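**Q** I am attaching a structure below and will ask some questions about it afterwards.
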Amino acid sequence: MSNQKTSQKVLGIDLGTTNSAAAIYEGGHATVIPSAEGPTMAGKMFPSVVAFTKDGQLLVGEPAKRQATTNAEGTIFEIKRKMGTNYKVNIHGKEYTPQQISAFILQKIKKDAETYLGTPVNKAVITVPAHFDDNQRQATKDAGEIAG
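Here the sequence shown is numbered in the numbering used here, starting from 18 and rising by one per residue.
Okay, here's the thing in structure tokens:
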């Protein structure tokens, strides 16, 4: 057996109701991964907001939050509250599950982490609240798998 440590990075993600955060543990300390848009009112966190514009563009995080007042019908907030349910959101005639919407948030976090770190991220740990039941935990896991 080799004593060499793997250089593969594991991303820690707090998939939050209002904001999400990510960090990597390396060299004995945790480094918070900033959003590509830079620090916002929420600091380095990623707003847990997804939007679909009228022309079909997908916006995630700060860009989605910024346009929410002008595109309320196409903007999704607090989808985490619906995890593990049969809830579907209908945006511009297309249905999305909470897992799919959460996956968009996770994909954004992964992309920004890879850009920040300069290396692919193929493993992640996603937190869930202690009060989540099995369906909610499985839905969160499914969102991670959808996100890649």
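Don't be surprised by glycine CBs; every beta carbon is placed ideally from N, CA and C.
Nothing here was measured: the structure is a model prediction, and the numbers come from that model.
Check ALA85 in the structure and name its three-state DSSP category.
**A** Numbered from its first residue, the sequence shown carries residue 85 at position 68. The answer is coil: DSSP assigns ALA85 none of H, G, I, E or B.
**Q** Please report how far the alpha carbon of PHE63 lies from the alpha carbon of ILE126, in whole angstroms.
**A** Your numbering for residue 63 matches position 46 in the sequence shown. Your numbering for residue 126 matches position 109 in the sequence shown. C-alpha separation (whole angstroms): 8 Å.
**Q** Classify ASP150 as buried or exposed, calling it buried when 16 or more other Cβ atoms lie within 10 Å of its own Cβ.
**A** Translated into positions along the sequence shown, residue 150 becomes position 133. By the neighbour-count rule (16 or more Cβ atoms within 10 Å), ASP150 is not buried but exposed.
**Q** Find the nearest neighbour of GLN153 within the set LYS111, GLN74, GLU54 and PRO115, judged by alpha-carbon distance.
**A** In the sequence shown, the residue the question calls residue 153 occupies position 136. Measuring from the Cα of GLN153, the nearest candidate turns out to be PRO115.
**Q** Here's the rule: buried if 16 or more other CB atoms are within 10 angstroms of the residue's CB, otherwise exposed. What is ASP17?
**A** Past the boundaries of the shown model lies residue 17; the chain is included only from 18 to 165, so the question cannot be answered.
**Q** Per DSSP, what kind of secondary structure is LYS111 in: helix, strand or coil?
**A** As a working mapping, residue 111 is identified with position 94 in the sequence shown. In this structure, LYS111 counts as strand in the three-state DSSP scheme.
**Q** Determine the burial state of ALA47: buried for a count of at least 16 other Cβ atoms within 10 Å of its Cβ, exposed for fewer.
**A** As a first step, residue 47 must be located in the sequence shown, where it is residue number 30. With fewer than 16 other Cβ atoms within 10 Å, it is exposed.
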